[in-house]
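Chains as they are written, first to last, in the numbering used here: chain A, 38 to 360; chain B, 526 to 863. Ideal Cβ placement from N, Cα and C applies to all residues, glycine included. Written out below as structure tokens is the structure these notes cover.
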């Protein structure tokens, strides 16, 4: 009996986000007929993908036992760099240049955390401030526009077999990171560092190198999100992606990756992003003012965690009774 | 007078003294040096009006940082202070315009305490990690603020209200006097009350504190109420300074508050810290901004410099540790490390 309940608990833990996404999808399609229209669904998926991509990077950071608060600033800066490069060097070089910018900022984060031993929260907070400031200086506080370069717009508006480009990028990134986590030594080391840094170090894991790698990946993912968003709105400035770091963390947590580190659920992160995009879209379709969107993200976060905490509490109680 | 619970036997005593001195007084020393340098090198820095301006600016983040210092010493922190600040400021301004200045102060405080109670319940009763609970509350409170106000600003300009943000008393800005009182009260609570000692105990080792009979959950909940009170006070001062309040007031406020506390030498891991550093760090950040303004530096550079100062100040301890490890490795040859 207890065994069955535990299995049910484990199943619920793995698939709860998926169930909620499905349920919400059904409810929304019943409430508003326009939800299921192809254009709208593509829209939801695109919006979900932008936040999912940076969320995937953040999943690795959280799995390694850290946070990265600099992703919003990184996204904005990388987008601005890409916007500068497009007219000069062409779209492919610009995209790669933006990604490299993200990687460099990530490397700097990793070096500050491992070599100068600054707590990740504070290190990335400081870097966030520096990078935002540099972006303001770089753009002189103005918006950058990109007109007459349809190639860059492919990032957000392109399709392959009818699937929006951001969705393909998000799924591709999830697949690559998933393979990396499960099949490579680097991936296993990330989880080892996340579950117990000291033990990992004593067992010969090059903790510093692992963390630097993780933050570089987070930087690249942030740059990717920033570029897609900038392509979507055809604008880049120091004021885009403000607060992206907190949405990214929210998506990861709603997706079921524990804050304590050592475990990662990339699929959960994808679903978490989808859930938030669906809620926001549903509110729009139901003519609920945009003002309510923030409150739903917050409540969703609290409810998810409250359910999780309740379960953990019960599990602890069971263990204690068993002992 | 070591208030910190030492992590025993990690370092040799001589260097530990140095580290403790740096942790407690380092940022105050940096502040004094930077004021002397600024007075010598920056035109118009050392005028009464300008110094008043610096201290006034420091007070808004500073008052909230008093509460945050207590939270961080207890090993937790609160990301919702920015949203709470906006909601409390709006409550103060609106209530003031309807019922007068006393009601306005009460309204600001009540909002701060109410959000604090919810945070406390979420962390202590529902057992959501503080980071996520307060992050969620940040979204909920700012969303709630937008809904209630419809996104509109509010104004209130009774002279007695404005005086709290803009007035001077004996040459000191009123908000700064309130900031100092808050810091003194905070320090007193930390050092001289059971609550304060329990805050330190929970922050250094929550499990040990629990075994020793500290009601950890209840105290952690209470810490969030304390943060709420100081955030409420900060909100009243900000609203009084601006004669007004609006949703989305002071974006990134929570991070600036945490930065001031940590720059002031309070450990993010909990268990150590105090108000002196917090006060000095708040004034230092305000000084930086002021000096950059006086030098007609591009306003955009201010964020860059703020971040760099935070990073440099917090790297010093890590660099010192590394140098020390290298030295002791050379001496002993066998010692585990990076």
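Next on the checklist: Taking 8 Å as the threshold (beta carbon to beta carbon), is residue 832 of chain B in contact with chain A?
Outcome noted: Here the question's residue 832 of chain B lines up with position 307 in the second chain. Proximity of residue 832 of chain B to chain A, defined by a Cβ-Cβ separation below 8 Å, is satisfied.
Item to check | Other residues of its chain near residue 286 of chain A: CB distance less than 7 Å, five sequence neighbours each side excluded | outcome: Stepping through the first chain from its first residue, residue 286 of chain A is reached at position 249. For residue 286 of chain A, the CB contacts under 7 Å within the same chain, skipping 5 residues up- and downstream, are 95, 104 in chain order.
Item to check | Partner residues on chain B for residue 154 of chain A, Cβ-Cβ distance less than 7 Å | outcome: Here residue 154 of chain A corresponds to residue number 117 of the first chain, with the count starting at 1. Within chain B, the residues placing a beta-carbon under 7 Å from that of residue 154 of chain A are 843, 846, ordered along the chain.
Item to check | Exposure of residue 220 of chain A, with buried meaning 16 or more beta-carbon neighbours within 10 Å | outcome: Translated into positions along the first chain, residue 220 of chain A becomes position 183. Result: exposed.
Item to check | Beta-bridge pairing of residue 810 of chain B - partner residues as DSSP gives them | outcome: Position 285 of the second chain holds residue 810 of chain B. As computed with DSSP, residue 810 of chain B is found in no beta bridge at all.
Item to check | Status (buried if at least 16 other CB within 10 Å, exposed otherwise) for residue 307 of chain A | outcome: What you label residue 307 of chain A is simply residue 270 of the first chain in a count that begins at 1. With at least 16 other beta carbons inside 10 angstroms of its own, residue 307 of chain A counts as buried.
Next on the checklist: Assuming residue 689 of chain B is part of the alpha helix (DSSP H), what are its boundary residues?
Outcome noted: In the second chain, residue 689 of chain B corresponds to position 164, counting from 1. Per DSSP, residue 689 of chain B belongs to the alpha helix (DSSP H) from 684–691.
Checklist entry - Near residue 721 of chain B, what residues of its chain come up, given a Cβ to Cβ distance below 7 Å and the 5 sequence neighbours on each side ignored? => result Locating residue 721 of chain B in the second chain gives position 196, counting from the first residue. If you ignore the 5 residues before and after residue 721 of chain B, its C-beta comes within less than 7 Å of the C-beta of 714, 715, all in its own chain and listed in chain order.
Checklist entry - How big is the Cα-Cα spacing for residue 815 of chain B and residue 579 of chain B? => result Sequence index remark: in the second chain, residue 815 of chain B carries index 290 (1-based). Sequence index remark: in the second chain, residue 579 of chain B carries index 54 (1-based). Here the C-alpha atom of residue 815 of chain B lies approximately 7 Å from the C-alpha atom of residue 579 of chain B.
Next on the checklist: Below 8 Å, how does it come out for the segment 110–124 of chain A and the segment 165–173 of chain A: are there three or more Cβ pairs, yes or no?
Outcome noted: Proximity of the segment 110–124 of chain A to the segment 165–173 of chain A meets the contact definition, three or more beta-carbon pairs being nearer than 8 Å.
Checklist entry - Nearest to residue 137 of chain A by alpha carbon, out of A/313, A/268, A/304, A/257? => result In the first chain, counting from the first residue as 1, residue 137 of chain A sits at position 100. Closest by alpha carbon: A/257.
Next on the checklist: In whole angstroms, give me the CA-to-CA distance for residue 792 of chain B and residue 312 of chain A.
Outcome noted: Mapped onto the second chain, residue 792 of chain B falls at position 267. Mapped onto the first chain, residue 312 of chain A falls at position 275. For residue 792 of chain B and residue 312 of chain A, the distance between alpha carbons rounds to 36 Å.
Checklist entry - When DSSP builds the beta bridges, which residues end up paired with residue 272 of chain A? => result Here residue 272 of chain A refers to the residue found at position 235 when the first chain is read from its first residue. DSSP output for residue 272 of chain A lists A/182 as bridge partner(s).
Item to check | Those runs of the alpha helix (DSSP H) which lie wholly inside the segment 115–182 of chain A and span at least 4 residues | outcome: Correct list: 128–152, 157–176.
Checklist entry - Would a check of beta-carbon distances place residue 200 of chain A closer than 8 Å to chain B? => result For the purposes of this step, residue 200 of chain A is taken as the residue at position 163 of the first chain. No, no contact with chain B.
Checklist entry - Once you ignore the five residues that flank residue 699 of chain B on each side, which residues in its own chain have a CB closer than 6 Å to its CB? => result Locating residue 699 of chain B in the second chain gives position 174, counting from the first residue. Correct list, in chain order: 689, 692.
Next on the checklist: Within 8 Å of any Cβ in chain A, is that where the Cβ of residue 805 of chain B sits?
Outcome noted: As a position in the second chain, residue 805 of chain B is number 280, starting the count at 1. At a cut-off of 8 Å between beta-carbon atoms, residue 805 of chain B makes no contact with chain A.
Checklist entry - Does the beta carbon of residue 1 of chain A sit closer than 8 Å to a beta carbon anywhere in chain B? => result Examination of residue 1 of chain A is not possible in this model, given that chain A is present from 38 through 360 alone.
Checklist entry - Looking at the structure shown, is residue 533 of chain B part of a helix, part of a strand, or coil, going by DSSP? => result As a working note, residue 533 of chain B is residue 8 in the second chain. Legend: pLDDT at residue 533 of chain B = 46, less than 50; position of this residue unreliable, value from coordinates given subsequently. In the three-state scheme derived from DSSP, where H, G and I count as helix and E and B as strand, residue 533 of chain B is classed as coil.
Checklist entry - Would you call the segment 589–601 of chain B and the segment 748–756 of chain B in contact, with 3 or more CB pairs under 8 Å? => result In short, these stretches touch, since the Cβ pair count reaches three.
Checklist entry - With respect to the alpha helix (DSSP H) encompassing residue 74 of chain A, which residues constitute its N-terminal and C-terminal limits? => result If you number the first chain from 1, residue 74 of chain A lands on position 37. Counting along the chain, no alpha helix (DSSP H) covers residue 74 of chain A, and no H or E run does either.
Checklist entry - In three-state terms, what does DSSP make of residue 196 of chain A? => result Counting from one through the first chain, the residue named residue 196 of chain A turns up at place 159. Strand, per DSSP.
Checklist entry - Does DSSP classify residue 793 of chain B as helix, strand or coil? => result Position 268 of the second chain, counted from the first residue, corresponds to residue 793 of chain B. Residue state for residue 793 of chain B is assigned as coil, using DSSP reduced to three classes.
Item to check | Whole alpha helix (DSSP H) elements within the segment 190–243 of chain A, 4-residue minimum | outcome: List check, alpha helix (DSSP H) in window: 202–220, 222–232, 234–239.
Checklist entry - Can you name, in chain order, every residue of its own chain whose Cβ lies under 6 Å from the Cβ of residue 89 of chain A, other than the five neighbours on each side? => result Looking up residue 89 of chain A in the first chain gives position 52. Closer than 6 Å at Cβ, skipping near neighbours: 207, 307, 310.
Next on the checklist: Taking the straight line between their C-alpha atoms, what separation do you get for residue 97 of chain A and residue 278 of chain A?
Outcome noted: Position 60 of the first chain holds residue 97 of chain A. Position 241 of the first chain holds residue 278 of chain A. Rounded to the nearest angstrom, the gap between the Cα atoms of residue 97 of chain A and residue 278 of chain A is 20 Å.
Next on the checklist: Helix, strand or coil for residue 527 of chain B? Go by DSSP, reduced to three states.
Outcome noted: The residue labelled residue 527 of chain B in the question sits at position 2 within the second chain. At residue 527 of chain B the pLDDT is 42, less than 50, meaning the model places this residue with poor confidence and gives no usable figure here.
Checklist entry - When the Cα atoms are used, what is the spatial distance from residue 695 of chain B to residue 149 of chain A? => result The residue you call residue 695 of chain B lines up with position 170 of the second chain. The residue you call residue 149 of chain A lines up with position 112 of the first chain. About 45 Å.
Checklist entry - Are residue 116 of chain A and residue 330 of chain A close, meaning C-beta to C-beta below 8 Å? => result Here residue 116 of chain A corresponds to residue number 79 of the first chain, with the count starting at 1. Here residue 330 of chain A corresponds to residue number 293 of the first chain, with the count starting at 1. No, the Cβ-Cβ distance between residue 116 of chain A and residue 330 of chain A is not below 8 Å.
Item to check | Backbone secondary structure at residue 599 of chain B - three-state DSSP | outcome: Along the second chain, read from residue 1 onward, the residue named residue 599 of chain B stands at position 74. Here DSSP, grouped into helix, strand and coil, assigns residue 599 of chain B to coil.
Item to check | Proximal residues of chain B, C-beta to C-beta of residue 323 of chain A below 7 Å | outcome: Here residue 323 of chain A refers to the residue found at position 286 when the first chain is read from its first residue. For residue 323 of chain A, no chain B residue has a C-beta closer than 7 Å to its own C-beta; the minimum C-beta separation is roughly 15 Å.
Item to check | Exposure label - residue 532 of chain B; buried when at least 16 CB within 10 Å | outcome: On the second chain, residue 532 of chain B is found 7 positions in, with the first residue counted as 1. Because the pLDDT at residue 532 of chain B is just 48, under 50, the model does not fix this residue reliably, and the point stays unresolved.
Next on the checklist: Is it buried or exposed, residue 549 of chain B, if we count other Cβ atoms within 10 angstroms and call 16 or more buried?
Outcome noted: Here residue 549 of chain B corresponds to residue number 24 of the second chain, with the count starting at 1. Residue 549 of chain B is buried by the Cβ-count criterion.
Checklist entry - Are the CB atoms of residue 122 of chain A and residue 134 of chain A nearer to each other than 8 Å? => result In the first chain, the residue the question calls residue 122 of chain A occupies position 85. In the first chain, the residue the question calls residue 134 of chain A occupies position 97. One thing to note: residue 122 of chain A has its Cβ within 8 Å of the Cβ of residue 134 of chain A.
Checklist entry - By the criterion of Cβ-Cβ separation under 8 Å, what are the contact partners of residue 331 of chain A in chain B? => result Counted from its first residue, the first chain places residue 331 of chain A at position 294. Under the 8 Å cutoff, chain B gives 664, 665, 667, 668, 671.
Checklist entry - Using a C-beta to C-beta distance shorter than 7 Å, which residues of chain B count as neighbours of residue 298 of chain A? => result Translated into the one-based positions of the first chain, residue 298 of chain A becomes position 261. Those do not exist, as residue 298 of chain A stays about 12 Å from chain B at its closest Cβ, beyond 7 Å.
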